[in-house]
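If you read the sequence shown in the numbering used here, its first letter stands for residue 147, the second for the next number, and so on. Contents: one structure, followed by commentary.
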Amino acid sequence: MAARLSLEVTSRVESCLFLLSALWQQGERVADKVQEMILPHLQEADEPPNLRAVVFGFARALRGACDRMVAADLELVRSNDRRAVLIAERDVKTEELGQSIRGLRQTVEGQFLAPPLGRLGIEPPVSRKPVTLLRQVDLIEAKFQRDDLDQILGEPRFDPPLDPRGHASQLGPLGSGLQTTVEQLNESKRQADEAMLAKRQAQEEYDDLFLPVARQFEDLCRFAGEDGLADRVRPSVSRPGRTEQEPGKPEPTDGSSLEEFVRPAVMAGEGEPSAVVAGDEQVAGSAGVPPASEP
Numbered sequence: 147m148a149a150r151l152s153l154e155v156t157s158r159v160e161s162c163l164f165l166l167s168a169l170w171q172q173g174e175r176v177a178d179k180v181q182e183m184i185l186p187h188l189q190e191a192d193e194p195p196n197l198r199a200v201v202f203g204f205a206r207a208l209r210g211a212c213d214r215m216v217a218a219d220l221e222l223v224r225s226n227d228r229r230a231v232l233i234a235e236r237d238v239k240t241e242e243l244g245q246s247i248r249g250l251r252q253t254v255e256g257q258f259l260a261p262p263l264g265r266l267g268i269e270p271p272v273s274r275k276p277v278t279l280l281r282q283v284d285l286i287e288a289k290f291q292r293d294d295l296d297q298i299l300g301e302p303r304f305d306p307p308l309d310p311r312g313h314a315s316q317l318g319p320l321g322s323g324l325q326t327t328v329e330q331l332n333e334s335k336r337q338a339d340e341a342m343l344a345k346r347q348a349q350e351e352y353d354d355l356f357l358p359v360a361r362q363f364e365d366l367c368r369f370a371g372e373d374g375l376a377d378r379v380r381p382s383v384s385r386p387g388r389t390e391q392e393p394g395k396p397e398p399t400d401g402s403s404l405e406e407f408v409r410p411a412v413m414a415g416e417g418e419p420s421a422v423v424a425g426d427e428q429v430a431g432s433a434g435v436p437p438a439s440e441p
């Protein structure tokens, strides 16, 4: 299953696509109009500003920041997906190990009259916590490898009794499998925490760039008398990285979704619109997995 962008990044991308579209499609006209207005006020030796280059520089910088934010968000979603798989695997192995310990206890109780379950490390209840179970396995293995085990077990019900050592020996491999999964889960937690930090940093970088880009383009539009366009690209003061007006859902032209935007793309040359489209997917990160910042 393909990773989906989280909701807060999706809304930022929609505003970014909206602003990029305005920069690429209207920026050249706005820049030329402003340039014509300021040329008469320049001194003879003054170099006319290249407003076209400024506008398209805005677009390239904003697209790069958005790409980095999207990539970081997708990596966090993938990290949480990997954690979800490992959590499910850990829970299955924990249950298997617990069942095996309970089976060992039943074997001992069925073969001996009054076995000291506490001395053998198999008294009920069996913990459901992986770390506690792993410690119990170490204790049980040590107990069932003692030379005086027969004396500890006490009087048998049958002659000869079923030797529980074989059953106890199965706990080691099960414990090793659980231990490996727990270690992998701990490592995935570390990676998810790093991905969360990278996402926050990329998101802050994007927000910090979006605000001045949108404001400066808004000012250019107003200077050029394009008040309607200026109103549409005005940045929000309460929602970072977004325009004041909610952008309409861009209509996909080729069946692509918003995730098409996250694919590596080379920005078009000056005056050429970038080939990006957006869709209507606003799906949060992997379900059932706590954020990486949670224990």
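All C-beta atoms, glycine included, are put in the ideal place defined by N, C-alpha and C. Since the model is a prediction, treat every value here as computed from it, not as a measurement.
Tell me the DSSP secondary structure of residue i in three-state form.
i      : result
Phe363 : helix
Phe258 : strand
Pro381 : strand
Pro386 : coil
Pro393 : coil
Pro276 : helix
Pro307 : coil
Asp400 : With a pLDDT of 35 at Asp400, under the threshold of 50, the modelled position of this residue cannot be trusted, and the question is left open.
For residue i versus residue j, is the C-beta spacing smaller than 8 Å?
i      : j      : result
Leu169 : Val201 : yes
Pro356 : Pro381 : Correcting the residue identity first, residue 356 is Phe in this sequence and not Pro. For Phe356 and Pro381, yes; Cβs fall inside 8 Å.
Leu280 : Gly321 : yes
Val272 : Pro310 : no
Val176 : Cys367 : yes
Arg236 : Pro261 : no
Gly249 : His313 : yes
Arg274 : Thr240 : yes
Arg303 : Leu263 : no
Leu232 : Leu299 : no
Ala338 : Lys179 : no
Arg209 : Glu174 : no
Glu221 : Ala341 : yes
Ala205 : Tyr352 : no
In terms of residues, what are the limits of the alpha helix (DSSP H) holding residue i?
i      : result
Val272 : Careful: Val272 lies outside any alpha helix (DSSP H) and carries neither H nor E.
Gly160 : The sequence as given places Glu at residue 160; Gly does not occur at that position. Start and end: Leu153 to Ile184.
Glu193 : Neither: Glu193 is in no alpha helix (DSSP H) and is coded neither H nor E.
Leu266 : Leu263 to Leu266
Gln291 : Note, Gln291: premise wrong, no alpha helix (DSSP H); not H, not E.
Gln316 : Counting along the chain, Gln316 falls outside any alpha helix (DSSP H), and DSSP gives it neither H nor E.
Leu299 : Leu295 to Leu299
Apart from the five residues on each side of it in sequence, which residues of its chain come closer than 6 Å, Cβ to Cβ, to residue i?
i      : result
Ala344 : Ala218
Gly244 : Val272
Pro307 : Gln257
Glu364 : Ala376, Val379 and Arg380
Gln349 : Met215
Leu151 : Asp219
Pro186 : none
Between residue i and the rest of its own chain, which residues show a CB-CB distance below 8 Å, the 5 nearest in sequence each way excluded?
i      : result
Glu193 : none
Ile247 : Ile268, Val272, Leu279, Gln282, Val283, Ile286 and Leu317
Ala207 : Leu355 and Val359
Excluding the 5 residues flanking residue i on each side, which residues of the same chain have their C-beta closer than 7 Å to its C-beta?
i      : result
Ser157 : Arg388
Glu242 : Leu320
Phe164 : Thr389 and Pro393
Ala288 : none
Leu188 : Pro194
Ala234 : none
Glu372 : Val176
By the 10 Å Cβ neighbour count, where 16 or more other Cβ atoms means buried, how is residue i classified, buried or exposed?
i      : result
Ser334 : buried
Ile184 : exposed
Pro419 : Because Pro419 carries a pLDDT of 31, less than 50, the predicted location of this residue cannot be relied on, and no value is offered for it.
Arg409 : Per-residue confidence for Arg409 stands at a pLDDT of 44, beneath the threshold of 50, marking its modelled position as unreliable; the derived number appears in the next sentence. Classification of Arg409: exposed, given that the 10 Å Cβ count is below 16.
Glu301 : exposed
Val223 : buried
Phe290 : buried
Asp213 : buried
Gln362 : exposed
Leu324 : buried
Arg251 : buried
Leu153 : exposed
Ser161 : buried
Asn226 : buried
Gln172 : buried
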